[in-house]
Amino acid sequence: MSRSVSESRKAPDPAPGRWFPNFCRTDVVFSLVVLGELVVLIMWLAPGRDGLSLRDLAVSSLFGQWLVLLCAVALCSLRPLLNRLPVLKGSVVAYLCILLLVAGGTAVAVSAERFAGFQLTSTDTSLARYVTNSVILAALVAAAALRYYYIQQQWRAGVEASSEAQVRALQARIRPHFLFNSMNTIASLIRTRPKVAEEAVLNLSDLFRAALSRSEESASLAAELTLCRRYMEIEQLRLGDRLAVNWDIDTLPGRETLPPLLLQPLFENAIYHGIQPRTEGGTVEVTGGRDGQRWWITLRNPMIAGARKPGNQIALNNIRQRLTHHFGEGATLAVQETVDQFQVTVSVPLGVAL
Amino acid sequence: MNVLIVDDEPLAQERLAQLLGDEGVAVAGTAANGREAIDQVARLKPDLVFMDIRMPVMDGLEAAQHLRLLETPPRLIFCTAYDQHALEAFDASAIDYLVKPVRADRLREALSKAERFTAEGGTAQPLPDSEQRSHLCARVRGNLELIPLEDVICLHAEHKYVTVIYSDGEVLIEEPLKALEEEFADRFLRIHRNALVALNAIAGLDREDGQVLVKLHGTDRRLEVSRRNLPTVRKVIKGL
Numbered sequence: 005m006s007r008s009v010s011e012s013r014k015a016p017d018p019a020p021g022r023w024f025p026n027f028c029r030t031d032v033v034f035s036l037v038v039l040g041e042l043v044v045l046i047m048w049l050a051p052g053r054d055g056l057s058l059r060d061l062a063v064s065s066l067f068g069q070w071l072v073l074l075c076a077v078a079l080c081s082l083r084p085l086l087n088r089l090p091v092l093k094g095s096v097v098a099y100l101c102i103l104l105l106v107a108g109g110t111a112v113a114v115s116a117e118r119f120a121g122f123q124l125t126s127t128d129t130s131l132a133r134y135v136t137n138s139v140i141l142a143a144l145v146a147a148a149a150l151r152y153y154y155i156q157q158q159w160r161a162g163v164e165a166s167s168e169a170q171v172r173a174l175q176a177r178i179r180p181h182f183l184f185n186s187m188n189t190i191a192s193l194i195r196t197r198p199k200v201a202e203e204a205v206l207n208l209s210d211l212f213r214a215a216l217s218r219s220e221e222s223a224s225l226a227a228e229l230t231l232c233r234r235y236m237e238i239e240q241l242r243l244g245d246r247l248a249v250n251w252d253i254d255t256l257p258g259r260e261t262l263p264p265l266l267l268q269p270l271f272e273n274a275i276y277h278g279i280q281p282r283t284e285g286g287t288v289e290v291t292g293g294r295d296g297q298r299w300w301i302t303l304r305n306p307m308i309a310g311a312r313k314p315g316n317q318i319a320l321n322n323i324r325q326r327l328t329h330h331f332g333e334g335a336t337l338a339v340q341e342t343v344d345q346f347q348v349t350v351s352v353p354l355g356v357a358l
Numbered sequence: 173m174n175v176l177i178v179d180d181e182p183l184a185q186e187r188l189a190q191l192l193g194d195e196g197v198a199v200a201g202t203a204a205n206g207r208e209a210i211d212q213v214a215r216l217k218p219d220l221v222f223m224d225i226r227m228p229v230m231d232g233l234e235a236a237q238h239l240r241l242l243e244t245p246p247r248l249i250f251c252t253a254y255d256q257h258a259l260e261a262f263d264a265s266a267i268d269y270l271v272k273p274v275r276a277d278r279l280r281e282a283l284s285k286a287e288r289f290t291a292e293g294g295t296a297q298p299l300p301d302s303e304q305r306s307h308l309c310a311r312v313r314g315n316l317e318l319i320p321l322e323d324v325i326c327l328h329a330e331h332k333y334v335t336v337i338y339s340d341g342e343v344l345i346e347e348p349l350k351a352l353e354e355e356f357a358d359r360f361l362r363i364h365r366n367a368l369v370a371l372n373a374i375a376g377l378d379r380e381d382g383q384v385l386v387k388l389h390g391t392d393r394r395l396e397v398s399r400r401n402l403p404t405v406r407k408v409i410k411g412l
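Quick mapping for you: the protein sequence lines, in order, are chains A and B.
Each step along the first sequence adds one to the number in our numbering, with nothing skipped, and position 17 is 21.
Each step along the second sequence adds one to the number in our numbering, with nothing skipped, and position 110 is 282.
This is the structure:
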């Protein structure tokens, strides 16, 4: 009766929906104005001109700022639209938009000036020539500027993601549910199996020490994997036979570095969205190793058919941003989903922690 | 007092049983989710149920909602790690709620409350935060019969009852069709003033004597589409 849909997809770009720089912010507009003025100054100072006339500088500045502000207004109002496009497509659209505006803006400014008869521009040069010149100049400057603002935006998103990660260390990373259920497990074990209870307390302490540490500084992959094992040991106590874990990660390079608690949320997701909602439980398969100049780790877990929760996506986006922040664009997080299986792979170039 | 413990974690069941043992209360049985809880209530007829909230298959809030349909529902104490807020919105049918790990003196207090109160049966109470139930529940000869939502083919209203037609048969439930339509808007389609059909059961449309009928997977019954609902029904079927 139910239709089975098989879906397998690559993860989208990092932080979809907010990659495009915000040209509505006053500080960004100000930096654009400065940039525009810089270009005007360079043109003015460039050799090959006869004398430095202040009048020329004033005219060029007026003209330059007109174009800069025109573009800023356009990009500010186009931002919601651009953010919905993938990065490459959106950048091309923004770029073409700038060139079009510069062409139009130049044509309007020069024609208006000629019509008014201010004699600010030399009549020897044709209108078409003016337009071509400013479009060529804009093509060069806009390419550099867009790239700069994009990188700045990514950096800002990265900083936000990592500070958010710290704030959420107690709340989301280690969920309140996890804490109290673990405490309950320990309370139960103390009477019947004090040795196991002691082990659980030690594991829980290690996890909280990592979660509460304020540093985003790198830990070794080996240490992170130990934390993940401790986490899974606690969940094992809680879920009993419903949880099985297969580890096949011996060839992972333990001395590689990564931000602490980067991988642990993947394990938590596998438990909360995969194993726990199933009465029969299931097996979490953990595989990892080296592949050329990269290391990778994959988690695979069963899912209840059709049950997808938004919480999962939030956690994955957060990990993705932290990956980009720490390793640059080379690190990836890819999701493969079928009706009843979920698989996530993190792959990081060897030795590139930023 | 006869007690049932419902929790999906074996160690959590064990701890509550230990604490109850300390208080001299015997545990009649355990269940690992809401669905099992309803079966166990029918079998063991407990006076008091300790119910966890987050469980697979059917959560504790929904199980409590179904249990209220019994003529003499067991008294209920919710037991949870971190869901107090959900409980505050839903405390009408529970005597008390406890947070895990449970303290012995707090448990004693809850037990003495349970001895004083007798729960009353009533109509189903909607779940907080517009959550969907995973099952429909019918009272059949004093027992509760649960129908998983994915087995339901269509709902047909006659007088004050709604007939639930599902893969294994039919039962009557006492809920307004309108409320069912609202709760399960993403699952059922209104085709007539008196009928909802499951979207994934729709097999197509037939025309007969000027009437349009919906054909359904899993049953030979065909249900009439009213003139008013026909445009929407056509549009939805096209989109399937």
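The beta-carbon is built from N, C-alpha and C at its ideal position, and this holds for glycine as well.
**Study point:** Test item: CB-CB of residue 258 of chain A and residue 226 of chain A under 8 Å
**Key:** Taking the first residue of the first sequence as 1, we reach residue 258 of chain A at position 254. Taking the first residue of the first sequence as 1, we reach residue 226 of chain A at position 222. Yes; because the gap between Cβ atoms is below 8 Å, this pair is in contact.
Review point. Looking only at C-alpha atoms, which of A:355, A:204, A:117 and A:270 sits nearest to residue 337 of chain A?
Key: Here residue 337 of chain A refers to the residue found at position 333 when the first sequence is read from its first residue. Per the Cα distances, A:270.
Exercise for review: May I ask which residues mark the beginning and end of the beta strand (DSSP E) holding residue 294 of chain A?
Suggested key: Locating residue 294 of chain A in the first sequence gives position 290, counting from the first residue. Taken as a continuous stretch (DSSP letters only), the beta strand (DSSP E) holding residue 294 of chain A covers 286-295.
Practice item. Please list, in chain order, all residues of the same chain as residue 185 of chain A whose beta carbon is under 8 Å from its beta carbon, the five residues on each side excluded. Key: Within the first sequence, residue 185 of chain A is the residue found at index 181, counting from 1. 242.
Review point. How many Å lie between residue 148 of chain A and residue 129 of chain A at the Cα?
Key: On the first sequence, residue 148 of chain A is found 144 positions in, with the first residue counted as 1. On the first sequence, residue 129 of chain A is found 125 positions in, with the first residue counted as 1. Cα to Cα, residue 148 of chain A sits roughly 28 Å from residue 129 of chain A.
**Study point:** residue 28 of chain A versus residue 378 of chain B: straight-line alpha-carbon distance, rounded
**Key:** As a working mapping, residue 28 of chain A is identified with position 24 in the first sequence. As a working mapping, residue 378 of chain B is identified with position 206 in the second sequence. Taking the straight line joining both Cα atoms gives about 57 Å.
Check your understanding: Going by Cα to Cα distance, which pick from A:154, A:47 and A:74 is closest to residue 87 of chain A?
Key -> The residue labelled residue 87 of chain A in the question sits at position 83 within the first sequence. Of the listed residues, the one whose Cα sits closest to residue 87 of chain A is A:154.
**Study point:** Euclidean distance between Cα positions of residue 412 of chain B and residue 388 of chain B
**Key:** Counting from 1 along the second sequence, the entry for residue 412 of chain B is found at position 240. Counting from 1 along the second sequence, the entry for residue 388 of chain B is found at position 216. The alpha-carbon atoms of residue 412 of chain B and residue 388 of chain B are separated by roughly 14 Å.
Review point. Is the shortest distance between the beta-carbon of residue 181 of chain B and the beta-carbons of chain A less than 8 Å?
Key: One-based indexing of the second sequence puts residue 181 of chain B at position 9. Chain A, which has a Cβ nearer than 8 Å to the Cβ of residue 181 of chain B, makes this yes.
Review point. Counting Cβ pairs closer than 8 Å, one from the segment 194-209 of chain B and one from the segment 314-330 of chain A, do we hit at least three?
Key: no
Point to revise | Contacts around residue 403 of chain B, its chain only, beta-carbon distance under 7 Å, and the 5 residues preceding and following it disregarded | key: The count along the second sequence starts at 1 and reaches residue 403 of chain B at position 231. Nothing meets the Cβ criterion.
Check your understanding: Looking at the structure shown, is residue 183 of chain B part of a helix, part of a strand, or coil, going by DSSP?
Key -> Within the second sequence, the letter at position 11 stands for residue 183 of chain B. Residue state, collapsed to three classes: helix.
Review point. Based on Cα-Cα distance, which residue from A:354, A:318, A:305 and A:355 lies nearest to residue 343 of chain A?
Key: Here the question's residue 343 of chain A lines up with position 339 in the first sequence. Closest by alpha carbon: A:305.
Exercise for review: Quick one: residues in its chain with C-beta nearer than 6 Å to the C-beta of residue 234 of chain B, no 5 flanking neighbours on either side, listed in chain order?
Suggested key: For the purposes of this step, residue 234 of chain B is identified with residue 62 of the second sequence, where counting begins at 1. Hits under 6 Å: 206 and 305.
Practice item. Determine the direct distance from the alpha carbon of residue 214 of chain A to that of residue 265 of chain A, and round the result to whole angstroms. Key: The residue you call residue 265 of chain A lines up with position 261 of the first sequence. The residue you call residue 214 of chain A lines up with position 210 of the first sequence. Distance between the alpha carbons of residue 265 of chain A and residue 214 of chain A: 7 Å.
Exercise for review: Check residue 197 of chain A in the structure and name its three-state DSSP category.
Suggested key: Numbered from 1 along the first sequence, position 193 holds the residue referred to as residue 197 of chain A. In the structure shown, residue 197 of chain A sits in coil (DSSP, three-state: anything other than H, G, I, E or B).
**Study point:** Exposed unless 16 or more other CB atoms sit within 10 angstroms - verdict on residue 237 of chain B
**Key:** Along the second sequence, read from residue 1 onward, the residue named residue 237 of chain B stands at position 65. It counts as buried.
Review point. Taking 8 Å as the CB-CB limit, is residue 186 of chain B close to chain A?
Key: What you label residue 186 of chain B is simply residue 14 of the second sequence in a count that begins at 1. So, interface residue.
Point to revise | chain A contacts from the segment 204-216 of chain B (Cβ-Cβ distance under 9 Å) | key: 204, 205, 207 and 208
Exercise for review: Please name the residue, chosen from B:390, B:385, B:391 and B:392, that lies closest to residue 409 of chain B on a Cα-to-Cα basis.
Suggested key: Residue mapping note: residue 409 of chain B aligns to position 237 of the second sequence, counting from 1. Taking only the C-alpha atoms, the option nearest residue 409 of chain B is B:385.
Check your understanding: Residues of chain A with a CB under 9 Å from the CB of residue 408 of chain B: which are they?
Key -> The count along the second sequence starts at 1 and reaches residue 408 of chain B at position 236. Those do not exist, as residue 408 of chain B stays about 15 Å from chain A at its closest Cβ, beyond 9 Å.
**Study point:** Alpha-carbon spacing of residue 63 of chain A relative to residue 70 of chain A, whole angstroms
**Key:** Taking the first residue of the first sequence as 1, we reach residue 63 of chain A at position 59. Taking the first residue of the first sequence as 1, we reach residue 70 of chain A at position 66. Their Cα atoms are separated by approximately 11 Å.
Point to revise | Beta-carbon proximity of residue 229 of chain B to residue 176 of chain B, cut-off 8 Å | key: In the second sequence, counting from the first residue as 1, residue 229 of chain B sits at position 57. In the second sequence, counting from the first residue as 1, residue 176 of chain B sits at position 4. No.
Review point. How would you label residue 260 of chain A, buried or exposed, when you count the other beta carbons within 10 angstroms and need 16 or more for buried?
Key: Mapped onto the first sequence, residue 260 of chain A falls at position 256. Its Cβ being crowded by 16 or more others within 10 Å, residue 260 of chain A is buried.
Point to revise | Below-8 Å beta-carbon distance, residue 387 of chain B vs any chain A residue | key: If you number the second sequence from 1, residue 387 of chain B lands on position 215. Among the CB atoms of chain A, none fall inside 8 Å of the CB of residue 387 of chain B.
Check your understanding: For chain B, is any of its Cβ atoms less than 8 Å away from the one on residue 216 of chain A?
Key -> Within the first sequence, numbered from 1, the residue matching residue 216 of chain A stands at position 212. At a cut-off of 8 Å between beta-carbon atoms, residue 216 of chain A makes no contact with chain B.
Review point. Chain B beta carbons: is any one of them nearer than 8 Å to that of residue 181 of chain A?
Key: Walking along the first sequence from the start, residue 181 of chain A turns up at place 177. Judged by the 8 Å Cβ criterion, residue 181 of chain A is in contact with chain B.
Review point. So what does DSSP say about residue 101 of chain A, is it helix, strand or coil?
Key: As a first step, residue 101 of chain A is located in the first sequence; it is residue number 97 there, counting from the start. Reduced to three states, the DSSP call for residue 101 of chain A is helix.
Check your understanding: In chain A, what lies closer than 7 Å to residue 229 of chain B by C-beta?
Key -> One-based indexing of the second sequence puts residue 229 of chain B at position 57. Per Cβ cutoff of 7 Å: 283.
**Study point:** Spatial neighbours of residue 275 of chain A in its chain, beta-carbon cut-off 6 Å, leaving aside the 5 residues before and after
**Key:** For the purposes of this step, residue 275 of chain A is identified with residue 271 of the first sequence, where counting begins at 1. The answer, listed in chain order, is 239.
Point to revise | DSSP beta-bridge partners of residue 360 of chain A | key: The structure shown has nothing for residue 360 of chain A, since chain A only spans 5 to 358.
Check your understanding: For the candidate residues A:145, A:144, A:244 and A:339, whose alpha-carbon lies nearest to that of residue 321 of chain A?
Key -> Locating residue 321 of chain A in the first sequence gives position 317, counting from the first residue. Selected option, being the one with the closest Cα: A:339.
Check your understanding: Going by other Cβ atoms of all chains shown within 10 Å of its Cβ, with 16 needed for buried, is residue 316 of chain A buried or exposed?
Key -> If you number the first sequence from 1, residue 316 of chain A lands on position 312. Residue 316 of chain A is buried by the Cβ-count criterion.
Exercise for review: Please confirm if residue 47 of chain A has its CB atom under 8 Å from at least one CB of chain B.
Suggested key: By one-based count along the first sequence, residue 47 of chain A stands at place 43. Not one chain B Cβ lies under 8 Å of residue 47 of chain A.
Review point. Quick one: is residue 375 of chain B near chain C, going by C-beta distance under 8 Å?
Key: Judged by its chain identifiers, the structure shown contains no chain C, and its protein chains are A and B.
Review point. When DSSP labels each residue in this structure, what does residue 339 of chain B get in the three-state scheme?
Key: The sequence position of residue 339 of chain B within the second sequence is 167, counting from 1. If DSSP states are grouped into helix, strand and coil, residue 339 of chain B belongs with coil.
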